[in-house]
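Read the structure below first, then the notes.
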Amino acid sequence: MAAPGASSPASSKAHGRRTWVLGLLLGLLGLGVLISPLLGTVAISPETVLRILFHQASGGALFSDPCAGASVPASGCAGLIEIVWDARLSEVMLAVVVGAGLGISGGTLQGVFRNPLADPFLLGISSGGTLGAAVVVVFQIDVAQQNLLLPLFAFIGAIATSVVILAAARSRFGSVETLLLTGVALSSFLSSILSLLLLYNPTGSLQVDFWLLGNLGSLDWTQDGIAFGVVLVAGTLLATHGRELNLLQLGPDVAQSLGVDSRKIRVRLLLLASVTTAAAVAFTGIIGFVGLVSPHVVRRVAGSDYRLVLPGAALVGGGFLLAARDLSLVAFPGTLLPIGIFTSFAGAPFFAYLLYRRRQSSTMGGT
Amino acid sequence: MTGPDDSALRLRGVTVRFGPRTALQDVHLEVPRGQFVALAGPNGSGKTTLLRAALGFLVPDAGSVELFGSDVLGLTVAERARRVAWVPQEENPRDDAPLLDYVLYGRYAHLGWLQGESARDREAALDALAAVGLADRARDGILSVSGGEKQRAILARALVQEAPLVLLDEPTSHLDIAHQLDLLSRVRDLARERTVTVVAALHDLNLAARFADRIVILSRGRRVADGSPAEVLSEELLARVWGVVADLRRDPRTGAPYLLPHHLVAPATTGPTPFLGKGPVHVVGGGGSGAVYMRALSEAGYRVTAGALHLLDSDLETAENLGAPSAVEVPFAPIGEEVRGKLRILLEGATAIVVAPFPVGPSNLPNLEEVLRQLGRVPVLLVRRPEAESWDFTGGRARQVEEELRRGGAREVAGATEMLAALASAPVLVATQ
């Protein structure tokens, strides 16, 4: 008998490559998290920012006076710490969490539907979430608690919509067309309700628009924590289903003959992806293209094994959204541009490229 | 009668309906452990449905299916996967994966949640790859190997599943004759070595007779014959179930019966499966020249007939794959009177005739001569021959006939696309009985 390592060169090599790629992506993302707080609407020297970060992270042990040598505003060093730690870093972390959630959901949906153009909003999350958010804005529900209530309603709206679509399409489940058409029908139905709401309450439309464009600003650690918790739990569960997704790519029948309960697994994955997406965007609003593009980046670099694509897409998605935040700050210094505009700006051409590539390969391989 | 413990697969009065169509009608079947059973029957006779019922993919309208004594629908999906493995007719992976990973998919039902493949699993996968002759291909991608290798990799995947029952659905339908023989002998040997029960739907009765211990014939959803190849295969059965006249011979070396199909019992009127489509269009070809036109016609929705072709001609294989009734002559013999008569029946039933650029010798010259007789009755399309190619081996007689065809109104077309366009614009395309 040969040693296990020697007897399986292909698999162990693939496994090594997997670890290597994920490690690299994780490293890049960590670097991004460290660098990104340097950028913001207020000018603070990089040195001061880094000192504040290490000071806070170490619980005050390092750099006892992090603001030394910096031009301190009226609020003193505490003011700078608030800007760097509470505003910038929480924004950075949210970008990572939301991007990761969208990336892994996108990878999951592309796998479940066996369609490279599927994205996390395929199941009506966008229209449902918007309506939920609009209800809070328009009816002025508990204004004091709006920072948490709006995301809660958006989350509920989004999840409810996905569940309705899944349930409605269940009788003929497996047909992507049925799901898509149910989604389109329900989405336009919800949009009409939204339009009606905003028609009679025009003051709310600006806030709803803002939600639709997606933004990372004006958040705090509580919101970060909630988003992080939900995305981490649901995302981790998703990431454990790479093997099942690999098998589902062979078709539901083959997967089932190999022991995957195709029907059950697909519903489970779609529900988990919906929860992840809804939690990710509840605080930020709709952020397009991250979920669509990230899995493809991983496939390009490291192949289509879903055990790698799912965690990889999470890391790439986090990095993508973080980069979008940084770029928008560099390109439009001093303004708080809705981040969704930026991701769409970068993502749309990529989407077109994918469509083009796909058409090309299908005409080459087709009859 | 075998006891319950000895049976790998048992169907009790299974009936499956798809809307108004009955795919299986009250089928009883018992497969004891260790047997290699071939499931044969015309297209649409219920072979695939039977296998799908055995896999628990569908719920019968009546009756039940048991795997090793347990109702298949009472087992979880993973329990089923540990009892029965499946080699589908065709599998089209979208994503590339090394063959080793592809084979390791077969271990899924044996692994716990989050449990990675162990060294033992990888060893089993490598053993399975070696067993199907792909030991040195473990790192190659599934999308880069040939059709035959892919089918063997799928067989290896079924092996590492370590299920005591393996179901194969037309595993050889996309393989050439050498790979068909190779795959089936591997299946038989593996079945013997590993004492695995095999049920394989097979189109080719000769392959079934050669490899299987037992042949079960399905026709229109019913089990119409069952027994050893020698018991089951008969000229009468071929005529009754397939509507084909054939000679039954015996392989001098293996002793297995084999069939030489001649022609349909009643070609134009009662085919084994009524086909609703345009045409029929008759393709005269040979030596592989007609394949592309037969496929193009079939894909465009035409019913196709072919011939006269010699047995072993690749055009005949294509015609059979397309379900095209053909006039068939034994290899290397000139087209005889009987086959010529059969060709005439097909030509008379056709609404158009396509002459592929086939090499013409004395043995197949009658093909052109028969087409000439049809001139004026239906449109005749001549596919243009390449300039430099020599094709006339009759000393000029073939050229003469072609010239007569051309003068008599046969239209020349440059390829399959032009052929389809010409057919679409042809005036008469209604079958005349």
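Top line first, the protein sequences correspond to chains A and B.
So the first sequence is numbered by the working numbering: it starts at 6 and just counts up by one.
So the second sequence is numbered by the working numbering: it starts at 1042 and just counts up by one.
For each residue, glycine too, the CB sits at the ideal point set by N, CA and C.
If you draw a straight line from the Cα of glutamate 1276 (chain B) to the Cα of alanine 1368 (chain B), it is about 18 Å long. Sequence-distant partners of leucine 1216 (chain B) (beyond 5 residues in either direction) whose C-beta falls short of 7 Å from its own C-beta, in its chain, are Gly1188, Gly1189, Gln1192, Leu1224. Beta-bridge partners assigned by DSSP to lysine 1319 (chain B): B:Tyr1343.
The Cβ-Cβ distance between serine 167 (chain A) and serine 279 (chain A) falls below 9 Å. A Cβ of chain A is located within less than 9 Å of the beta carbon of tyrosine 1149 (chain B). Around aspartate 1067 (chain B), the same chain offers Gly1054, Val1055, Thr1056, Ala1103, Gly1104, Arg1263 as residues with beta carbons nearer than 8 Å, after the five sequence neighbours per side are excluded.
C-alpha of alanine 1199 (chain B) to C-alpha of glutamate 1234 (chain B): approximately 15 Å in a straight line. For the segment 1094-1122 of chain B, the beta-carbon criterion of a distance under 9 Å to any beta-carbon of chain A is satisfied by Leu1096, Gly1097, Phe1098, Thr1117, Val1118, Ala1119, Glu1120, Arg1121, Ala1122. According to DSSP, residue pairing for histidine 1351 (chain B) in a beta bridge involves B:Glu1370. Scanning the segment 1073-1117 of chain B from its first residue to its last, the whole alpha helix (DSSP H) runs of 4-plus residues come out as 1088-1095. For isoleucine 291 (chain A), there is no enclosing alpha helix (DSSP H), as DSSP marks it with neither H nor E. A Cβ-Cβ distance of about 6 Å is found for the pair leucine 1413 (chain B) and leucine 1446 (chain B), placing them in contact under the 8 Å criterion. One Cα belongs to glycine 32 (chain A), the other to threonine 1238 (chain B), and the distance between them is close to 52 Å.
Within chain B, the C-beta atoms nearer than 7 Å to that of leucine 252 (chain A) come from Tyr1146, Tyr1149, in chain order.
At a C-beta separation below 9 Å, glutamate 1132 (chain B) has these neighbours in chain A: Leu255, Gly256, Val259. In this structure aspartate 1112 (chain B) is exposed. Its beta-carbon is surrounded by fewer than 16 other beta-carbon atoms within 10 angstroms. The bridge partners DSSP lists for tyrosine 311 (chain A) come to none. Residue pairing of valine 1240 (chain B) in beta bridges, as defined by DSSP: B:Val1078, B:Leu1208. Proline 300 (chain A) places its beta carbon 9 Å or farther from that of valine 286 (chain A). Chain-ordered, the chain A residues with CB closer than 9 Å to the CB of glutamine 1202 (chain B) read Ser262, Leu263, Gly264.
For arginine 1251 (chain B), there are no C-beta contacts with chain A under 7 Å, since the nearest C-beta of that chain is about 27 Å from it. For valine 1322 (chain B) against threonine 1392 (chain B), the beta-carbon gap comes to about 7 Å, under 8 Å, which counts as contact. Against serine 309 (chain A), the close residues of chain B are Asp1136, Asp1137, in the order they occur along the chain (beta-carbon pairs closer than 7 Å).
In the structure shown, the three-state DSSP call for tryptophan 1127 (chain B) is strand. In this structure, the beta-carbon distance from leucine 1246 (chain B) to alanine 1126 (chain B) does not fall below 9 Å. Counting C-beta pairs closer than 8 Å gives three or more between the segment 91-106 of chain A and the segment 322-329 of chain A, which meets the contact rule. In this structure, the alpha-carbon of leucine 1409 (chain B) lies about 13 Å from that of alanine 1347 (chain B). Secondary structure of glycine 240 (chain A) (DSSP, three-state): helix. With respect to chain B, the C-beta atom of threonine 245 (chain A) has a partner C-beta closer than 9 Å.
Leaving aside the five residues that flank methionine 98 (chain A) on each side, the residues in its chain whose CB is nearer than 6 Å to its CB run, in chain order, Asp229.
Nearest neighbour of alanine 83 (chain A) by Cα position, chosen from A:Ser333, A:Gly162, A:His60, turns out to be A:His60. For alanine 1138 (chain B) and alanine 1197 (chain B), the gap between their C-alpha atoms comes out near 15 Å. Listed in chain order, the positions of the segment 113-124 of chain A with a beta carbon within less than 7 Å of a beta carbon of chain B are Arg119. Here the alpha carbon of glycine 1390 (chain B) sits roughly 26 Å from the alpha carbon of histidine 1244 (chain B). For serine 299 (chain A), the nearest beta carbon of chain B is not closer than 9 Å to its own beta carbon. Per the Cβ contact rule, the segment 329-342 of chain A is not in contact with the segment 116-129 of chain A (fewer than 3 Cβ pairs under 8 Å).
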